[in-house]
Each structure stands twice: as C-alpha cells, then as structure tokens.
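Residue numbers for the sequence shown follow this note's numbering, beginning at 2 and rising by one.
Where a beta carbon is used, it is the ideal one built from N, C-alpha and C, also for glycine.
The structure appears right after this line, and notes come after that.
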Amino acid sequence: MDSKDRNLHHFSHRARYKSFSQEASLEVEIPLEESQPIDELAAHINAVNKIIPPFYDEFRSSLLNFVDEETRKYENNIGDKLIEEFLKNDDAKMNYGCIPLTRVVKPSSVSFNEQFQFIMRNSTHETIESVIAVEKTMAEKMSSLVRARDFELDRLKRDCEVAMHQTLANDNASSVRNDRQLHLSKLNEKIRQVSSNYSKQIADLAVNQREEYRILIKSLYEHDEIPPNISNIVPVTSAAVRKSTSAFANLNLARSQVNEQLNDSFTIYLGAQLKTMHNVRLLTCRLLSDMCRSQNSLNNKEFDSGRLYMNLSLYRRGLTGLILLVDREINYHIENKTDFARICEQSTELHFESLQVQLENISALASDLSKGKDRNTSTELIKACKGLQTGDVYVTKHSNLTSVQVIFHLVVDETIESDDMSSRHPCINGLRNVIRLCSKCGVTTFGIPLLLVEKANQKMTLAWCLKRAELVFKCVKGFMMEACAGCSTAGGGAPTAAIHYNVNFILPENLETCVYQQILEMFPTIFHLVPSVSV
C-alpha cells in the first residue's frame, strides 16, 4: 500500500535549549488506529532519535497537536466531499429536507461493546455510578440465589451421608434396612430435583439480567436515560466511586486481601541494546483462583472501585490475565466444581458468554479438529487433537472477576512434579504460547504459577523448588524478550514503543518460608534489576 492510500502525513519538530537542539521526524498515518495510542508514537520518536529526557514532553506535545490538527483536516475533508456528492445528486437535492432518520442514524448497527465503550468514555460520573449500582444489585441477587442453593444442597447431602451410614450399619432387621434404603433413595432423588430446580432458576436469572443490562446500555447510548423498569433498582444516592489508576494497582488490592506476609516486588530491565523496563512481583497465594476473588462484601466501596476499573479497561489494551492449571478434560472446572467455577457463578457474566458456554464452544472446536472437518488439517494435527495434550492452552474471557479479564487454562499432568523437567517440556512451551498471546492481545499484566503447581507437597524439596523456579525464571525471561522484540514493529509499519509488562510469579501458600527466601535471593542472579534511587 503506498503513502497516498495510507494517508501518511509527515511530522517534524525541532527542540532547542540554548545552543543545543534535536530534530525528529516521523510518517504518521491519519487517522490513528485505536490500537496505536499517541504515547507509543512519542516513545518511538524518542527511542529512534535518541531524544534526551528533557525534550520528551515537548516532542510528545508537538506530536499530539500535529495529530489533532491533521485529524481535524482529514475529517473536514471527508465531510466536504460528502456534502459535494449530496448536492450533486438531483434527487437528494429535492428531498434534502426530509431524509428518513433511519438512513442517517442506525443505532442497531452499533454493537453492544461499542455502545458500552462510548458510555464509559463519555458519560457523566453520575451515569457511570448508576451503571455500577445496577451491576452491584444484579450481583447481589445472583450471589443470594447461589448461596441458597449451596445451603440447601449441603443440608441434603449431610442427611444423605447420615442415611448412608445407617444403611451400612450392621442391622439384622431386613425391614429396617429396606426402609433406610428407601429413605436414602428419596434423599438422592430430592438432591437431583433441588439441583435441577436451582440450575434452571440461576440460568433464567442470568438470561434476564443480561437482557436488562443490554437494554440499560442501549438506552443510555441512544437516549442518555435509564429505562423505567431498571431505574427502580438504582439507589437514589450511591457511594462515591474511587477510581483505580492501573491494572497493577487494582491487582495489588486483590493480592493484599489474599496474603500480605510474603510479597516482594522488583523493577527489571530486559534486553541488551534497547532495554525495556518491567515490574515483577513474587507472592504467595492459597489457590491461584484467589487472584480472581473479591474478599470484600458487595456493600463495600471496593466493589465499586473494582467494577469501575473493570468497566474502563474491559475493551482496551492493558488487560490482566492469569494462568490456571487444569487437566486434559476441557470441562474440568464444571465437572469438578472447582473454586474458579464457583467464583464465576457468583455474578452474571454480562459481557461475554458464561464459563460453561465458553468451555462448550472450546470443546466443540477441539472435537471438530479431532474429526478432521478442516480440509487443510494435517494428519498429524488431527491425531494430536483427539484430546487436549499436556502444554495446550485454551482461553476464556470474563468481566465478572476481580481485576482479571483473561484466564489462560494450561493443561498439565502428573509429570509436572517430575524432577527432570527441562526447557523442552510441553508446559514450558505452553508458557511461551501464553506470553505470545499476551503480547498479541494486549494483556500486559499476568500471573504465572512459578513452580507450575498449585499446592506444595512433601516431595517438593528445597532443591526441587529452586531448580524449578530457576527454570521458569529463565524461560519466562527469554519468552518476554522475544515478545518485546516482536512488538517493536507492527504490521510492517513504523516500530511502536516497547511493551511494558507487570508479571506476578505466584508460589503456593503452604511453601516453607526458607524456600521462599532462597527463591527471592535467586531472583537478582537471573534478572537485571533497576537500581533503586535514594531520596
């Protein structure tokens, strides 16, 4: 594509200070794509032209003014051409005063996520508070229904266990034994009925809440008002929403609620010539899924802050991801009723499909591959896709978790605890694929289980832990350098700014403190730390 087709505009600026000056230029495509913010272009100019730090702000400001002015000219030019074409059309000229509104504005053509982004970026503080208040009310209703289900099922299961023990007890009276078996059968049938009944209620409530939420967003987008059937659930006065400034800061809140005892952070450099700076944190956690859990009640202001952060960042770059360890069964979370699945069902997924539906879609895709429906699929790939293999990764997206939008499900098996794992192990390749996906999809904050296990056991000696941590540290370092190098160019155009990652290495909570300390001491021997500045 030539410069004319791409609408390239030449930017040039010279900064001066006394007798010293620096000049830089760049071909900028107007209008800018949403995936290429102005800060990346400014960082590229500074890096390529070796601009000194005192001139950073001046070049950025000049570039911003240039882009604004050229974008305004570009839009005016398009508007002028449309008007000229309109006036040249005789029919349009005769009927210009009565153009049907549907030809000018088509709200139905705007997708839900585009409507939602517009509201989050342009609405008043009160409107955003109202949206969050509706989300909180919906979460309270769903959480209450789930708690009621769990309470009733737990009670029935306890009764069933008592009946089971009584049935197995040594009793010579066959009539008594038959009565107890009948009672046990009735309890099991009641458990199935109650479970089925609550499943239907939860599914119906989720469908209704998703529909109401979309009606709310559409009404705010088209009419800037809350529908009457929803306004009655919005509190008259809502608590002030405290904005969380970054994914890393918001994730800090979730981590501080999980464990504050073992938690250390570093700033590191990666690369030899063109260094990139990243934040790394080493912390402990009871379960990996705890990173997705809100430890505060829905009445606390932290819920508002978390929802605000999630809503503002959901459809933008700078997402937060987390690696969860699963087995080869795609429906692992649903069938085993994992802690992660329980967290997901505490509130309705308002933006994406539910966890169960996403897993069903992934399972169907894997099944299609295994059957060789794609004519271009090789025999080797068909053979490999008969079931998920160790090291495979599948992804789910979420809007109802605490500060985590993307979950990478890494398939592991019993060999993960082996002592002879090398950099060629499939799980290590899975980590590489995760980091490549993060680079490609705008996930800049992600959590990695450092030992590739969720809980420590007696087999995991000090030597085993240090060897595994060293392997993962070195491999992740190499994968991040590879990702940063790949991000230096975009679509064959001008290089963009090097990406900045926030990496969380997560250790099991039941790990011995001495092991944690030795891993902590190992870290500076592998990564180049940014020197601290004393004030």
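Note the first and the last residue of the continuous beta strand (DSSP E) segment covering residue i.
i, result
"residue 316", "Here residue 316 belongs to no beta strand (DSSP E), and DSSP marks it neither H nor E."
"residue 407", "407-412"
"residue 505", "503-509"
"residue 454", "First-last for residue 454: undefined, no H or E at that position."
"residue 403", "Per DSSP, residue 403 belongs to no beta strand (DSSP E) and is neither H nor E."
Could you please give the first and the last residue of the uninterrupted alpha helix (DSSP H) stretch that includes residue i?
i, result
"residue 357", "356-372"
"residue 22", "Not the alpha helix (DSSP H): residue 22 falls in the beta strand (DSSP E), residues 21-30."
"residue 293", "Segment: none, residue 293 is in no alpha helix (DSSP H) and carries neither H nor E."
"residue 272", "Residue 272 -> no alpha helix (DSSP H), and no H or E assigned at all."
"residue 8", "No alpha helix (DSSP H) contains residue 8, which DSSP labels as neither H nor E."
"residue 438", "427-442"
"residue 111", "Residue 111 -> no alpha helix (DSSP H), and no H or E assigned at all."
"residue 526", "514-527"
"residue 340", "340-345"
"residue 328", "Unbroken run through residue 328: none, as it is neither H nor E."
"residue 537", "Here the chain comprises residues numbered 2 to 536, so residue 537 is not present and cannot be evaluated."
"residue 335", "333-336"
Assuming residue i and residue j form a contact by the criterion Cβ under 8 Å, report the distance between their Cβ atoms to the nearest whole angstrom.
i, j, result
"residue 322", "residue 485", "So it is not a contact: roughly 17 Å between Cβ atoms."
"residue 25", "residue 50", "4 Å"
"residue 324", "residue 409", "5 Å"
"residue 389", "residue 367", "7 Å"
"residue 231", "residue 135", "6 Å"
"residue 506", "residue 449", "6 Å"
"residue 146", "residue 192", "So it is not a contact: roughly 18 Å between Cβ atoms."
"residue 64", "residue 46", "7 Å"
"residue 195", "residue 153", "6 Å"
"residue 114", "residue 316", "5 Å"
"residue 218", "residue 116", "5 Å"
Taking the alpha carbon of residue i as the point to measure from, which residue in the options has its own alpha carbon closest?
i, options, result
"residue 431", "394, 449, 519 and 407", "394"
"residue 509", "470, 122 and 501", "470"
"residue 110", "417, 223 and 441", "223"
"residue 413", "64, 328 and 54", "328"
"residue 129", "311, 451 and 147", "311"
"residue 529", "418, 415, 269 and 518", "269"
"residue 511", "476, 142, 459 and 314", "459"
"residue 199", "151, 209 and 212", "151"
"residue 433", "474, 415, 419 and 400", "474"
"residue 476", "48, 527 and 370", "527"
"residue 521", "267, 217 and 118", "267"
"residue 314", "119, 137, 514 and 8", "119"
"residue 400", "425, 421, 356 and 419", "356"
"residue 468", "425, 441, 478 and 420", "420"
"residue 275", "518, 48 and 532", "48"
"residue 8", "40, 80, 72 and 18", "72"
"residue 438", "337, 483, 531 and 277", "483"
"residue 62", "277, 21, 123 and 40", "40"
"residue 138", "336, 304 and 451", "304"
"residue 284", "461, 532, 85 and 451", "451"
Give every residue of the same chain whose Cβ lies closer than 6 Å to the Cβ of residue i, excluding the five residues on either side of it in the sequence, and list them in chain order.
i, result
"residue 364", "331"
"residue 516", "463 and 466"
"residue 334", "341 and 342"
"residue 248", "Because the pLDDT of residue 248 is 44, which lies under 50, any placement of that residue in the model is unreliable, and the number read from its coordinates should be weighed accordingly. Cβ within range, chain order: 319, 321 and 446."
"residue 444", "320, 322 and 407"
"residue 207", "349"
"residue 144", "347"
"residue 13", "26"
"residue 214", "351"
"residue 108", "Low confidence applies here, because residue 108 scores a pLDDT of 47, under 50, leaving its location unreliable and the question unanswered by this model."
With a threshold of 8 Å on Cβ separation, who are the neighbours of residue i within its own chain once the five nearest residues in sequence on each side are excluded?
i, result
"residue 481", "271, 279, 436, 502 and 504"
"residue 344", "290, 293, 294 and 402"
"residue 164", "181, 184, 185 and 188"
"residue 396", "407, 408, 409, 410 and 438"
Apart from the five residues on each side of it in sequence, which residues of its chain come closer than 7 Å, Cβ to Cβ, to residue i?
i, result
"residue 159", "none"
"residue 11", "26 and 28"
"residue 59", "16"
"residue 398", "353, 406 and 407"
"residue 220", "226, 227 and 228"
"residue 257", "A caution first: residue 257 carries a pLDDT of 46, below 50, which makes its placement in the model unreliable, though a value can still be read off. Excluding positions up to five away in sequence, the list is empty."
"residue 202", "146"
"residue 211", "349 and 351"
"residue 106", "Interpretation of residue 106 is limited by its pLDDT of 44, a score under 50 that renders its predicted location unreliable; the figure taken from the coordinates is listed afterwards. Answer for residue 106: no residue qualifies."
"residue 428", "391, 392, 411, 413, 417 and 453"
"residue 56", "16 and 23"
Is the closest heavy atom of the ligand MG to the C-beta of residue i under 8 Å?
i, result
"residue 341", "Among the ligands in the structure shown, none appear at all, so the ligand MG cannot be discussed."
Worksheet item: Contact between the segment 278-292 and the segment 447-465: three or more CB pairs below 8 Å?
Response: yes
Discussion item. Three or more C-beta pairs under 8 Å: does that hold for the segment 27-34 against the segment 51-70?
Written reply: yes
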